[in-house]
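Residue numbers (my numbering), protein chains in the order written: chain C, 1 to 102; chain L, 103 to 204.
We put the CB at the ideal spot given by N, CA and C, even for glycine.
Predicted model, so just to flag it, every value in this text is computed and none were measured.
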């Protein structure tokens with residue numbers, strides 16, 4: 001099992017349309033990738049903490065069967081899905097692929 | 103539901119004892135916090151991607167019933183658990199508290 005984490009940094013100079021993200025982008029991700037090994041998609045929204053604003057506004061956690069499954073899914077639909085990002089933010093997300101240790 | 107994410111940045115200048123972390127630290131976290139609203143603890147280990155090393159070496163994702171439950175858990179056992187960090191890394195973790203949107 002692997003998890004693809006997509007971090008949207010909490011930069012006040014950028015906009016982020018949460019309604020579009022939750023109602024259009026995430027459903028599109030699920031639609032395209034559910035048949036390609038996507039097992040779970042979770043969205044975390046940063047809350048202010050004792051040290052101020054959370055470092056990330058939004059973190060998406062996408063769990064796939066394997067790194068190979070994600071590679072195939074990204075090849076098939078990556079351009080469309082990453083191409084949708086400017087529709088909800090002018091910030092630049094960071095992507096991390098992780099092995100799930102337990 | 104909230105998630106506490108603990109990020110250990112992938113800084114080659116710091117050490118990280120993964121065996122201690124998985125065999126001592128995470129079991130200690132579960133032992134102290136399972137009775138205090140901790141529902142799930144997941145550990146992600148960054149894999150090298152097309153852009154090089156993952157931004158975070160390790161990400162811990164701790165899911166609690168509520169922010170209040172986490173606050174109480176942190177007050178009760180935070181000093182002990184954060185005090186254990188130097189036993190496995192000389193790096194400095196970043197903590198983010200997030201609402202789970204779905």
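Item                                                                                                              : Value
Interface residues of the region 135 to 164 of chain L facing chain C [CB-CB below 7 Å]                           : 144, 145, 146, 147, 148, 149, 151, 156, 157, 158 and 161
Under 9 Å from the C-beta of residue 102 (chain C): neighbouring residues of chain L                              : 124, 128, 143, 144 and 145
Chain L contacts from the region 86 to 101 of chain C (Cβ-Cβ distance under 9 Å)                                  : 94, 95, 96, 97, 98, 99, 100 and 101
Contact with chain L by residue 14 (chain C), beta-carbon distance below 8 Å                                      : no
Residue 203 (chain L) - containing alpha helix (DSSP H), residue span                                             : Taken as a continuous stretch (DSSP letters only), residue 203 (chain L) belongs to no alpha helix (DSSP H), as it is neither H nor E.
is_contact[residue 66 (chain C), chain L] using C-beta, thresh 8 Å                                                : no
8 Å Cβ cutoff met for residue 88 (chain C) and residue 56 (chain C)                                               : no
Pick from L:194, L:173, L:103 and L:111 that is closest to residue 141 (chain L), judged by C-alpha positions     : L:103
Nearest to residue 18 (chain C) (by Cα), restricted to the options C:71, C:46 and C:35                            : C:46
Sequence-distant residues of its chain with Cβ nearer than 7 Å to residue 127 (chain L) (five each side left out) : 186 and 190
Cα-Cα separation, residue 184 (chain L) to residue 80 (chain C)                                                   : 42 Å
Paired residues, beta bridge with residue 50 (chain C) - DSSP                                                     : DSSP lists no partner for residue 50 (chain C).
Euclidean distance between Cα positions of residue 162 (chain L) and residue 130 (chain L)                        : 13 Å
Segments of 4+ residues assigned as alpha helix (DSSP H) that fall wholly inside the region 164 to 196 of chain L : 169 to 185
Span of the alpha helix (DSSP H) around residue 9 (chain C)                                                       : Taken as a continuous stretch (DSSP letters only), residue 9 (chain C) belongs to no alpha helix (DSSP H), being part of the beta strand (DSSP E) at 2 to 9.
Residues sharing a beta bridge with residue 143 (chain L), DSSP                                                   : L:164
Test item: CB-CB of residue 202 (chain L) and residue 102 (chain C) under 8 Å                                     : no
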